[in-house]
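This report refers to the structure that appears directly beneath it.
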Amino acid sequence: MYFLNVRIFGFVMLLTGLLTLPAIAQTTVLRGKITDSKTGEGLPFASVVCLGTGTGTNTDLDGNYILRLTGPCDKVQYSYIGYKSLQRQVKQGEEQIVNVRLESEVVELKEVVVKKSKQARYRNKNNPAVELIREVIAHKASNKPEAYDYVEYEEYEKLGFSISNTVNRFKNSKLLKRYKFLLDNQDSSKIQGVSLLPVFLQERLTSNFYRKNPRKTKTFVKAEKKVSFEQYIDNNGLSSYLNHIYQDIDIYDNNISVVTNQFLSPISDNGPLFYQYFIVDTVTLDNIKLVHMDFVPRNTTDFLFQGQMYISLDGNFGVQRINMEVNKRINLNWVRELHVNQVFERNQDGRYRLSKSDLYADFGIFKGRGGIFGERTVSYRDYKTGIPHPDSLYSGMGTVESPEAYTRDEAYWVAGRHDSLSKAESRVYTNIDSLQKMPSFRRTADLLTLVLAGYKSFGPFEVGPVNTFYSWNPVEGFRLRAGGRTTPNFSKKINFETYGAYGFTDKKWKYYLGTTYSFTNRSIYEFPVRSLRLSYQNDTKIPGQELQFVQEDNALLSFKRGQNNKWLYNQIFNAEYLHELRSHISFKAGFKNWTQTPAGALSFVNHETGENLVTHEITTTELSGEIRWAPREQFYQGKLYRMPIFNRYPIFTLRANAGVKGILNSGYNYQSLTINIFKRTYLSQLGFTDLMLEGGHTFGKVPYPLLTIHRANQTYSYQLQSYNLMNFLEFVSDNYAGVSADHNFNGFIFNKIPLLKRAKLREVASLKVLWGSLRHENASGVNGNFDFPTVTGGSPGTFSLEKRPYIEGSLGIANIFKLLRVDVVKRFTYLDHPNVSSIGIRFRFKFDF
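In this note's numbering, the protein residues as written are 7 to 855.
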């Protein structure tokens, strides 16, 4: 996730760097407080809007507001649910203080109003607020859409990102006058006191159907429209990632996912254990009695909300409205403000259903400086229940796109949008399209792509990745490499890729040639892929090193601990067919001819005749197949790797290989079967755990290079799917099972320690256990087998796992400077092996919210 987040964050920061300019128009600033006319108490989340423009803001929890207006405005309207709206004249171009007292327009009930005593100790027992919340919790199931047999509705979704708090000192810059068309498009209606420049907008209009028994959902995408940055980033991946950050919010769920973290809902089953509730008032709205209730966290550093809600007293105990925000003491990175506002409408049966949901967040490094503002608005209309439909409606894929979904004209959108776009939003599509045509922007974007992705584009061809141009290892010594590949500008259906490298110590050339053909009319990288890849590679490899999202000859991996002198020269011809389905099931079929030659201190020694005969190479021909299922998978397609956006669904991968003797000089018959299961599990306030289970079995008699060489790591980086204190080629197996758990506490413990919570550090812990065995026919030196490698001095250096499992664990601190994770890794078994360390420190860069 680090490379994914950095690339997306970096690209948006490119826009920030280019566009951090102020509006040139005259600025009017209104400040003040909105209060209840009788009690004088501040009204949180009250609305302040300039009439006729849509520009506005909301008050904070104490009723304070700041409204900046860069355009003309005659009157401002102040409104709040249950109160009479009020209007005030505006003095143009001045900063003024306007305090407003709103009068209640609801009928006061002759009931006792329960309020918190400042001196009283808060208790759940005999607390009317807690008793009411328990009623809400008890009725959650009946207030969810799943309570109905059939539900259908139209949904409109708008997701937008803007650059916030532009810098005044650049407004007269001659260099940036060319961006005036963007500067004139600022907006101050989204968040108080903040000026915004929209840079991304995505809209979606869908028809949705739900059936309870058997459970089935169906979504028909009628229209979709979004700003595109296809030349520089994966536009679909960007949309997936942004939607992952801004997920649907259901307050009736126990946990709510926001900006990749889980927050406990104020009406979760365990809500009374983590929240304090206070009844503020009892009002009547549309002849329905409502209780106005405030809620705050018991511990302000936990991942909890604070805010207010209105609860119906009609027997359904549904939430009519809720306004929430997060406390600034929470261990969140980059998030300066985060608000959730939801409104519910009453169905004919008296139950409330969600009609509109707003989620917005202001991201930035420093308070008051430039940042990124994001908002997701979802609204629902034409809501119907109890209308059955034939089974044919629910058949096939869960989501179906209309052929015209991406080509709808503006007239369709004007009629279809549930809410009209603001003036600034309506211009963002054409503005960003114009921006990308500007040479200065393209040059800067190309430079950023080179720095973050490692490629420099030259139209139909791109050169890279630059971080592999130089590296060093003990076999090749100083290694230089250069390469590149074609881009979709050359062809979407066919891709060519190549590189050449030279080692100044072994004085050998290495190279790679590959081509991929797409059987669809899309790019070879665009999901779902159906392609054939052919390649030939002549290069070096470390046995047992398998890296994620980084290439083996990356310059940063040149530094390794311990002995690292056992390498292979590989000559590999590979043919692979990939077929992905929209259900996120994929199939692979492959053919591989592989010649391995020992390099460095590695040798293939055979004692079958009683003499040391060095075998110079092993040649195998393999047929392979793979089935992978990743339900509802989301990912970002990078320049080199497809980087997953993890969710709560597991990922299953099953692989089978068969070596066939006699084909293209292959010397061995064997079969292998492996399975891998990955699952991210969210534990609410305790963070999340990444759990991986894997196992495999090799059938047949094979030399050790064809056994399972377990993933080792001799770099100083912490690798999630490798054993970080295991040496390369230390363990081999022909059947094995492993479990790995990596847990992030999200600061659950450190947030309660005064000296640590300000640093926003996070605790991490991991445990990895590997069991394995080796049949006698595959043991070292048995029946003509190669001897297992040795270390300097002739002592054994490669072992099986017959005696006991390999175990290592770690404790670490993450989020250091919001980027760095440091783990102290402890190895618990096989400490008598040569050149091993029982403890080590490993580092990992990780960009997270």
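Cβ coordinates follow ideal geometry from the N, Cα and C atoms, glycine included.
Q. Hey, which unbroken runs of the alpha helix (DSSP H) at 4 residues or more fall wholly within the segment 277-345?
A. Taking only runs of at least 4 residues, the alpha helix (DSSP H) segments lying wholly in the segment 277-345 are 277-280.
Q) Would a C-beta distance cut-off of 8 Å place K598 and L584 closer than the cut-off? A) Going by C-beta atoms, K598 is not nearer than 8 Å to L584.
Q | Distance, T492 Cα to F834 Cα | A | Distance between the alpha carbons of F834 and T492 is about 48 Å.
Q: State the Cα-Cα distance for the pair E152 and S806, rounded to the nearest angstrom.
A: Approximately 53 Å between the Cα atoms of the pair.
Q: Give the straight-line distance between the Cα atoms of Q640 and E586, rounded to the nearest whole angstrom.
A: Each residue's alpha carbon lies about 14 Å from the other.
Q.
Can you tell me whether K852 is helix, strand or coil according to DSSP?
A. Correct three-state label for K852: coil.
Q: Quick one: measure Cβ to Cβ for V207 and S170, integer angstroms, because I've assumed they're closer than 8 Å.
A: The identity of residue 207 in the sequence shown is Leu, whereas the question assumes Val. No, L207 and S170 are not in contact; Cβ-Cβ is about 15 Å, not under 8 Å.
Q: Could you check if L761 is buried or exposed, using at least 16 other CB atoms within 10 Å of its CB as the buried criterion?
A: By the neighbour-count rule (16 or more Cβ atoms within 10 Å), L761 is not buried but exposed.
Q | Residue of P409, R357, T266, E431 minimising C-alpha distance to G166 | A | The shortest C-alpha separation from G166 is found at E431.
**Q.** the segment 448-456 touching the segment 243-252, judged by at least three CB pairs closer than 8 Å
**A.** At 8 Å Cβ cutoff, the stretches do not touch.
Q) At what residues does the alpha helix (DSSP H) containing F447 begin and finish? A) Counting along the chain, the alpha helix (DSSP H) containing F447 begins and ends at 445-459.
Q.
Looking at G606: is its Cβ nearer than 8 Å to the Cβ of P480?
A. Yes; because the gap between Cβ atoms is below 8 Å, this pair is in contact.
Q) If R327 sits next to Q348, beta carbons under 8 Å apart, how far is it from one beta carbon to the other, in whole angstroms? A) With a beta-carbon spacing of about 7 Å, R327 and Q348 fall inside the 8 Å limit used to define contacts.
Q. Does the Cβ of M403 have 16 or more other Cβ atoms within 10 Å, making it buried, or fewer, making it exposed?
A. Per the 10 Å Cβ criterion, exposed.
Q. Roughly how many angstroms lie between the CA atoms of V289 and T41, to the nearest whole one?
A. Straight-line Cα distance between these residues: approximately 17 Å.
Q | Boundaries (first-last residue) of the beta strand (DSSP E) holding D748 | A | Element bounds for D748: 741-750.
Q | CA nearest to the CA of G815, picked from Y366, K774, L780 | A | Ranked by Cα distance from G815, the options Y366, K774, L780 are led by K774.
(Q) So, does the segment 408-418 touch the segment 383-393, judging by three or more C-beta pairs under 8 Å? (A) As far as the Cβ criterion goes, the segment 408-418 does not touch the segment 383-393, which means the pair count is below three.
Q: Run through the segment 761-838 for me and flag every whole beta strand (DSSP E) of 3 or more residues, listed as ranges in chain order.
A: DSSP runs (the beta strand (DSSP E)) wholly in the segment 761-838: 768-779, 812-822, 826-833.
Q: Leaving aside the five residues before and after D68 along the sequence, list all residues of the same chain whose C-beta is less than 6 Å from its C-beta, in chain order.
A: Taking D68 as the centre and dropping the five residues before and after it, the same chain places the C-beta of G48 closer than 6 Å to its C-beta, in chain order.
(Q) Could you check whether C79 and T45 sit closer than 8 Å to each other, using their CB atoms as the reference points? (A) No, these two residues do not count as a Cβ contact at 8 Å.
Q: Can you give me the start and stop residues for the alpha helix (DSSP H) that R140 sits inside?
A: First-last of the alpha helix (DSSP H) with R140: 134-144.
Q: Count the other C-beta atoms from every protein chain shown that fall within 10 angstroms of the C-beta of T804, then say buried if there are 16 or more, exposed otherwise.
A: Residue environment: T804 is assigned as buried (16 or more neighbouring CB atoms within 10 Å of its CB, all protein chains considered).
(Q) Classify P549: buried if its beta carbon has 16 or more other beta carbons within 10 angstroms, exposed otherwise. (A) Buried.
Q.
Residues in the same chain with beta-carbon distance under 8 Å from N260, minus the five sequence neighbours each way, listed in chain order, please.
A. Sequence-distant Cβ neighbours of N260 in its own chain, meaning closer than 8 Å and more than five residues away, are L270, S271, S274, D275, N276, S690.
Q | Inter-residue CB distance, L660 and I681 (contact presumed, cutoff 8 Å) | A | With a beta-carbon spacing of about 5 Å, L660 and I681 fall inside the 8 Å limit used to define contacts.
Q: May I have the straight-line CA-CA distance separating L36 from L108, to the nearest angstrom?
A: Whole-angstrom Cα-Cα distance: 17 Å.
Q: Measure the Cβ-Cβ separation of L767 and I819 and say whether it is below 8 Å.
A: Contact check for L767 against I819 passes: the beta carbons are separated by less than 8 Å.
Q. Looking at the structure shown, is G376 part of a helix, part of a strand, or coil, going by DSSP?
A. Coil at G376, not helix or strand.
Q) Assuming G506 contacts Q720 under a Cβ cut-off of 8 Å, what Cβ separation, rounded to an integer in Å, is found between them? A) With a Cβ gap of about 27 Å, G506 and Q720 do not count as contacting.
Q. Given that a residue counts as buried once 16 or more other Cβ atoms are within 10 Å of its Cβ, and exposed if not, what is L279?
A. Within a 10 Å sphere around the beta-carbon of L279 sit fewer than 16 other beta-carbons, which makes this residue exposed.
Q: Go ahead and label A2 buried or exposed: buried means 16 or more other beta carbons lie within 10 angstroms of its beta carbon, across all protein chains shown.
A: Examination of residue 2 is not possible in this model, given that the chain is present from 7 through 855 alone.
(Q) Considering only the alpha carbon of each residue, which of F533, V286, S428, E137 lies closest to V55? (A) Nearest to V55 by alpha-carbon distance, out of F533, V286, S428, E137, is S428.
Q) Hey, which unbroken runs of the beta strand (DSSP E) at 3 residues or more fall wholly within the segment 392-419? A) Listed in chain order, the complete beta strand (DSSP E) runs (minimum 3 residues) inside the segment 392-419 are 405-407.
Q. By Cβ distance, which residues of its chain are closer than 6 Å to F502, with the 5 residues on each side in sequence left out?
A. Closer than 6 Å at Cβ, skipping near neighbours: T492, T521.
Q. Counting Cβ pairs closer than 8 Å, one from the segment 727-737 and one from the segment 839-846, do we hit at least three?
A. As far as the Cβ criterion goes, the segment 727-737 touches the segment 839-846, which means the pair count is three or higher.
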